[in-house]
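Going line by line, the protein sequences match chains A and B. Residue numbering for the first sequence follows the UniProt record's numbering, beginning at 1 and increasing consecutively. Residue numbering for the second sequence follows the UniProt record's numbering, beginning at 1 and increasing consecutively. Every residue, glycine too, gets a C-beta built ideally from N, C-alpha and C. The structure presented is a predicted model; accordingly, all values stated were derived computationally and were not measured.
2 protein chains.
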Amino acid sequence: MQTTHGQSSDPQREKQLLEKLRSHPELLERFEAILDLTESPSGTADQIEEWLVAEVRRLGNKAMQAWAQSAEEQAAEDLRQKTPRARVRKKRP
Amino acid sequence: MQTTHGQSSDPQREKQLLEKLRSHPELLERFEAILDLTESPSGTADQIEEWLVAEVRRLGNKAMQAWAQSAEEQAAEDLRQKTPRARVRKKRP
């Protein structure tokens, strides 16, 4: 759907996004921080750029951690399927 | 609401997020790309890191553009309010 403001909305796509973000609340927080910065009424362009660089860096770190966790879970799942009787020890935080 | 998977869902917060993303479809695309990468079943940690670095950089650029556009619109709005009879010329893309 297109409005005069060029906004579009795809319910299925938004639903998928929200589902993924519910599994990654730490990424949701970073996305919100970045969106807030883009709407910041204060700050010079240089300041905003500095804050954005810091924010996207934090996002990159969090995303990498999320990938590592998901890769670890996938590896554990693969092992469970190959050796159904093996008990996979959960890594504690 | 918390489930056993540690997922939480705050409808108001999700609604606000979607509203902001509808105004910034280019940021939505970047967020989706980053989320997809965190769930990538293929690739080594080094590859994923390289892709993530590239993706968050693109996000940073898009976010900076979004801020600049919003700052420009705000400046035009301020001018309109101060000098109601002035006609602000719209910058064409």
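Below-7 Å beta-carbon distance, residue i vs any chain A residue
i: residue 15 of chain B; result: no
i: residue 59 of chain B; result: yes
i: residue 4 of chain B; result: In this prediction, residue 4 of chain B has a pLDDT of 43, which is less than 50 and means its spatial position is unreliable; what the coordinates show is noted afterwards. False, the Cβ-Cβ gap to chain A never drops below 7 Å.
i: residue 92 of chain B; result: no
i: residue 39 of chain B; result: yes
i: residue 26 of chain B; result: no
Under the three-state DSSP convention, the category residue i falls into
i: residue 43 of chain B; result: coil
i: residue 58 of chain A; result: helix
i: residue 10 of chain B; result: coil
i: residue 92 of chain A; result: coil
i: residue 22 of chain B; result: helix
i: residue 83 of chain B; result: coil
Beta-carbon proximity of residue i to residue j, cut-off 7 Å
i: residue 64 of chain A; j: residue 52 of chain B; result: yes
i: residue 56 of chain B; j: residue 59 of chain A; result: yes
i: residue 70 of chain A; j: residue 39 of chain B; result: yes
i: residue 30 of chain B; j: residue 62 of chain B; result: yes
i: residue 75 of chain B; j: residue 24 of chain B; result: no
Cβ-heavy atom distance, residue i to the ligand ADP, below 6 Å
i: residue 22 of chain B; result: The ligand ADP is absent from the structure shown, which contains no ligand whatsoever.
CB contact check: residue i to chain B, cutoff 7 Å
i: residue 75 of chain A; result: no
i: residue 9 of chain A; result: yes
i: residue 35 of chain A; result: yes
i: residue 70 of chain A; result: yes
i: residue 54 of chain A; result: no
i: residue 85 of chain A; result: no
i: residue 79 of chain A; result: no
i: residue 49 of chain A; result: yes
i: residue 82 of chain A; result: no
i: residue 22 of chain A; result: yes
- Query: Do the segment 28-45 of chain A and the segment 16-31 of chain B make contact, defined as three or more Cβ pairs closer than 8 Å?
  - Reply: Yes: the two stretches touch, three or more of their Cβ pairs being nearer than 8 Å.
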